[in-house]
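Chains as they are written, first to last, in the UniProt record's numbering: chain A, 1 to 431; chain B, 1 to 431; chain C, 1 to 431.
Note that the Cβ used here is the ideal one computed from N, Cα and C, for glycine as well.
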Amino acid sequence: MAADLTEFIDELPLVDHHVHGATAHDLSRRAFEELITESDRPVPAWMTTFDSQLGHAILRHCAPELGLDPHASPEEYLARRARLGADEVNRRLLGASGVEHYLLETGYRGEEILGPGGMAEVTGVPVDEVVRLEQVAEQVAASGCGAGAFARRFAEALWERTRTARGLKTVVAYRHGLDFDPSRPSAAEVTEAAGRWLGERETAPSDEPPEGIEGGTRDGTETGADGGSGRRPDRRLGLVQDAAPATAAEPGRRGWRLTDPVLLRHLIWTGLDRGLPLQFHTGFGDPDVDLRRADPLLLRGLIERAEPTGVPIMLLHCYPYVRNAGHLAHAYPAVHLDVGLGVTHTGARAAALVGQSLEVAPFAKLLFSSDAWGPAELHHLGARLWRRALARVLGWFVAEGEWSAGQAARVAAMVGAGNARRVYELTAPRP
Amino acid sequence: MAADLTEFIDELPLVDHHVHGATAHDLSRRAFEELITESDRPVPAWMTTFDSQLGHAILRHCAPELGLDPHASPEEYLARRARLGADEVNRRLLGASGVEHYLLETGYRGEEILGPGGMAEVTGVPVDEVVRLEQVAEQVAASGCGAGAFARRFAEALWERTRTARGLKTVVAYRHGLDFDPSRPSAAEVTEAAGRWLGERETAPSDEPPEGIEGGTRDGTETGADGGSGRRPDRRLGLVQDAAPATAAEPGRRGWRLTDPVLLRHLIWTGLDRGLPLQFHTGFGDPDVDLRRADPLLLRGLIERAEPTGVPIMLLHCYPYVRNAGHLAHAYPAVHLDVGLGVTHTGARAAALVGQSLEVAPFAKLLFSSDAWGPAELHHLGARLWRRALARVLGWFVAEGEWSAGQAARVAAMVGAGNARRVYELTAPRP
Amino acid sequence: MAADLTEFIDELPLVDHHVHGATAHDLSRRAFEELITESDRPVPAWMTTFDSQLGHAILRHCAPELGLDPHASPEEYLARRARLGADEVNRRLLGASGVEHYLLETGYRGEEILGPGGMAEVTGVPVDEVVRLEQVAEQVAASGCGAGAFARRFAEALWERTRTARGLKTVVAYRHGLDFDPSRPSAAEVTEAAGRWLGERETAPSDEPPEGIEGGTRDGTETGADGGSGRRPDRRLGLVQDAAPATAAEPGRRGWRLTDPVLLRHLIWTGLDRGLPLQFHTGFGDPDVDLRRADPLLLRGLIERAEPTGVPIMLLHCYPYVRNAGHLAHAYPAVHLDVGLGVTHTGARAAALVGQSLEVAPFAKLLFSSDAWGPAELHHLGARLWRRALARVLGWFVAEGEWSAGQAARVAAMVGAGNARRVYELTAPRP
């Protein structure tokens, strides 16, 4: 029965409710190593990022997909990866992940990362979009906008941009922290804050950005204030286009990185008006995040104020605050959570996270995500490691006589796909 | 030997040092579902609270007590429950829990919940009382009391009310948070705060309560500002008397919900004067609790100031702050803890909590509680799940060669009953 | 293969990168009991500190080293310990720990505790020193120093004192909390703060110390403001010299306990100038520590500001914030961590901590320490329990097919010794 349950979970079609595109580029060793860590610092000469749970998981689970034995060496793995080429690697790793529907957060869409169309083409499954609030606001700013028009212009842009989107995302955890004033700012406050933001930007010389503003744009219309997980764009560009320094890709002017807490709140409240499920990055991430200020419990005030809207609040990732997130999901009908990203980076330990998510959170409130960005190994492992962890946790419940196998399979199907289909109103999969 | 240890723990007589009454009423499905969650929000139509660890545990462990197979369906379970009737259900579930002494927190004693006499009658074992400080204060206020007399009147009422009580309880975690000023307020501060509280109440029209005050009273003498675990009384009444809306049970005036931090501190310090073990709700609970402000570490200042009194400080439940509570129990002789409530709601995962409680806390500082309120399933599972979790954790220590079986049995007996007998000065059980 | 891995880890030579001296004195039962807890309160009459994970671990693992069966009684154990005498006990317990290099934190060097020379003599392995910043500053103050000269005098003393040292240590977590302003104080601020500190001390009568100052000195040159783990010196002296009250050992004047946050920051920044790896006590410890203010996440600001120095930041112990520390080690190249002290006090549960340390922290960032002080049981168990916990965690990874046995052995060797050799620039062990 444990074997049956494991097989059931291995073959379960998944909805990945928060993911980014895979890279279509080949990657040097340095680029690959820097993309399998959340750190944006250079990897010190005395270490390799393969010496991590994620590194070990790549060698264990991705190597066989590329035709190698499990536990290959990093050198063997990267040589095989280079020989096969990015397209074939993507085809194999994405194809073997068993994901049947992607909700792609497209906060950053350069040539190096596949967009919804590219992902759909490679994987052959539906790909819907999740729109990042901050990116829309930064595009409004970049297009030229007065302070008094900002709120209207942002709302118009958001509605236009999300006509077919399935959800919204905010990176307020990176830009300010989750400890923001949960009340809705007044129109006057928004105009005043927009004036500060837009005015500062207008008067700042292009080569002397305000402190902390490091983002750049790759072209005139797209502002890439940071990457998929909040990474700084100069880093990501630099990594993927290994030979070219980040600055070479920048057109000489700075991005509109939005960090003003009044405006960030305004985006969130406008997002609640829009009514699509609203995703919050919480917990573990790159060094931009102050982990103390990324505890989902800090969202309690907003969650309570947002209850009348009925908008689903999606707490992403949550490591190491999984139990705190579970409490919120228990207390408030709107709150859901996943343990993505943490599962990928904890590898052989991922069952510890999945286990905590199966404590006080109602089972209808749990979802699957990978939060993968770039190397298809992250997409593959997000699913693979989650399946293995879930099979261990649920298998243990069954083996100990606490749950029936039928209950375990049913909960696995809810968490893997059913809950996401309900929340995001996705159509049923093709037979 | 593992089987012997499991059997020993299964048959261990327990002292439940923090519990509320069982309901003597039959329950509709809606009422039952709402009573097996800490959330006070309506259960959304797209989910059932049976899809939770607690729900699965009911179907696994309570179903056989009612004559069904383990893992019955919710429909089967509730049908059988209805057929047997509340009295028989209580007799079976409470009887099979193996509790030999209850310390009943009687913050709310309506007809729907058994009081000490009723619980003693159903179970045939001793039931002693734990008195909630806030309830006593609210009764003093409701009886008519001037600000200048409040401190004296409260002390008199507390001493009178606790003549045979075994302990005191505070829900300051719900009413304010544990981040209160730990120093004792001066007499003048208390009088001033009492003036604000009593004055506000007197001038507030009955249909325009101050913000946040939602509680009501069921009769002229009892103030039910909230329920057993801090729940709002309107909710609890509504749930149990399923057909009758909450307001129908209210006599048309509002309760004296005490939330003033100066008065809450005053109650605690008067409680320390009284000298009975003082229980603090900490951690997980209903949405009224801000979990960030329910971390027991916030009590450090009070614990240090209270050391000269020698009063035992009982940290209740503590999820997910079990390790923090363990640190306090390690550092300070007066501090004890339990993992009740969390065990009930984490079900098959309860061993994770019990394991954390057996880290840095001295074994003489750990107690058992269920924190059950209402359905006897909660009383039953509080004990049953705790036994199973403890047997797993201690059994693993023994199997790994770290502990002897004799050490394990001895610690189980300390935590299950011996420590509570010492702290609350309970007489030995009847042979 | 699991057996092979366990044997490999059992025999792995370790570098203990944060440890204190063993006591060369025999210990009464009371003294022994008080030294196997972090609490500085008297042990209540109704409990014994043997009723703890550490107590059980002593009876399980140290008893056989003294010729007893595992799980001996406390009485048997202490009788055998007394018969053998402290020298023989030290020889056996230290010898069997398998530590091949000690980095001894010498913040307190009385006759009762072995210094580097004594430890090297008993163990026959290299012993290098880690110098406590606060002790050096307090020695400067005790030697007579004007406020204006303090910064220079402290720097001179630090360089002189650390000519052969391998690292620095700060107990700012005990003296203030990790929530200090991370910026470097100006010279004027340091002089002003030094004036307050030195002036207060000069004017305070010897029998009326400022509030909170309890430390004393044992002689004119050494200030023992607290013990190895931040313990108050009166306690430690009292415990070890069981017959003599603490005050009898004090020469009649009070110590220079440094708690000023400006000066504590100045010490840290001067320590960063010195350039040796800088150890921070974080997490669990004696009651002096406010655990809420000992979360390593509070160091994020300092870590970022210190990045240009390249100085390794060593987060010690971290319980229960192991995952938070792991995030910092993941994000910042300079940050390392260990789970010492927590392993010792969680005994049979230590695998839970070691498991958490092997989540998001890169494996090149993990080290081993015991943080032992006094009874050689703590030195022995720091190593023994860590080996057993690591073998369980890694053995499980291998048994589940997630890691190869070779990967597990390699990571064990990195964490047990290799990483410490790299960080502290230790020479290779003798063949």
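- Distance from the Cα of Phe-284(C) is smallest, within the candidate group Val-339(B), Asp-4(B), Asn-324(B) and Arg-410(B), for Asn-324(B).
- Among the CB atoms of chain C, one or more fall inside 8 Å of the CB of Pro-287(A).
- One alpha carbon belongs to Val-190(B), the other to Leu-264(C), and they sit about 39 Å apart.
- Distance check between His-101(B) and each of Leu-367(B), Ala-352(B), Ile-113(B) and Pro-375(B) places Leu-367(B) closest, using alpha-carbon atoms only.
- The secondary-structure analysis by DSSP pairs Phe-280(B) across a beta bridge with Thr-170(B) and Leu-315(B).
- When DSSP states are grouped into helix, strand and coil, His-17(C) belongs to the strand group.
- Residue range 99-105 is occupied by the beta strand (DSSP E) that includes Tyr-102(A).
- Residues of the region 66-85 of chain A that bring their beta carbon within less than 8 Å of a beta carbon in chain C comprise Pro-70 and His-71, in sequence order.
- In terms of Cβ geometry, Trp-373(B) and His-20(B) form a close pair [threshold 8 Å].
- Using a Cβ-Cβ cut-off of 8 Å, Pro-296(A) does not count as an interface residue toward chain C, since no Cβ of chain C sits closer than that to its own.
- Using a Cβ-Cβ distance cut-off of 8 Å, the region 275-289 of chain C and the region 145-153 of chain C are not in contact, since fewer than three pairs of beta carbons, one from each stretch, lie closer than that value.
- Per DSSP, reduced to three states, the secondary structure at Glu-160(B) is helical.
- Excluding five sequence positions before and after Leu-297(C), the CB atoms of its chain that fall closer than 6 Å to its own CB belong to Asn-324, given in chain order.
- In this structure Val-423(C) is in contact with His-336(C), their Cβ atoms being roughly 6 Å apart against a cut-off of 8 Å.
- Listed along chain C, no residue sits closer than 7 Å to Phe-280(A) by beta-carbon distance, the nearest being about 18 Å off.
- For Met-414(C), there are no neighbours in chain B by C-beta distance under 8 Å, as the nearest C-beta there is about 25 Å away.
- Looking at the DSSP output, Ala-22(C) sits in a beta bridge with Gly-374(C).
- A straight line joining the alpha-carbon of Ser-28(B) with that of Leu-35(B) spans about 11 Å.
- Just measuring C-alpha positions, the residue of Val-411(C), Ala-96(C), Arg-41(C) and Arg-388(C) sitting nearest Pro-64(C) is Ala-96(C).
- The beta-carbon distance between Phe-32(B) and Leu-78(B), rounded to whole angstroms, is 6 Å. This is short enough to meet the 8 Å contact definition.
- Counting along the chain, Glu-129(C) sits inside the beta strand (DSSP E) bounded by residues 127-132.
- Under DSSP, Ile-9(C) forms no beta bridge with any residue.
- Of all alpha-carbon atoms in Thr-282(B), Leu-316(B), Val-354(B) and Pro-375(B), the one lying nearest the alpha-carbon of Ala-420(B) is that of Leu-316(B).
- The beta carbon of Trp-46(C) sits closer than 8 Å to some beta carbon of chain B.
- In this structure, the alpha-carbon of Glu-38(C) lies about 20 Å from that of His-61(C).
- Among the residues facing chain B, Gly-355(C) is not included, as its CB has no counterpart in that chain under 8 Å away.
- When Cβ-Cβ separations below 8 Å define contact, Arg-292(A) makes no contact with chain B.
- DSSP places Asp-87(B) in the uninterrupted alpha helix (DSSP H) bounded by 86-95.
- DSSP links Val-335(C) through a beta bridge to Ile-313(C).
- Proximity of Val-339(A) to chain B, defined by a Cβ-Cβ separation below 8 Å, is not satisfied.
- Three or more beta-carbon pairs separated by less than 8 Å link the region 166-181 of chain C to the region 128-138 of chain C, which places the two stretches in contact.
- Closer than 8 Å to the CB of Trp-403(B) there is at least one CB belonging to chain C.
- Cβ neighbours of Gly-342(A) within its own chain (closer than 8 Å, five residues either side excluded): Gly-283, Phe-284, His-317, Cys-318, Tyr-319, Pro-320, Val-322, Ala-350 and Leu-353.
- Residue nearest to Asp-51(B) within the set His-379(A), Ala-376(A) and Ala-329(A) is Ala-329(A) (criterion: CA-CA distance).
- Comparing C-alpha distances from Gln-139(C) to each of Gly-124(C), Ala-155(C), Val-127(C) and Trp-46(C) shows the shortest one belongs to Ala-155(C).
- Taking Arg-384(C) as reference, the option from Leu-272(C), Glu-11(C), Ala-2(C) and Ala-3(C) with the minimal CA-CA separation is Glu-11(C).
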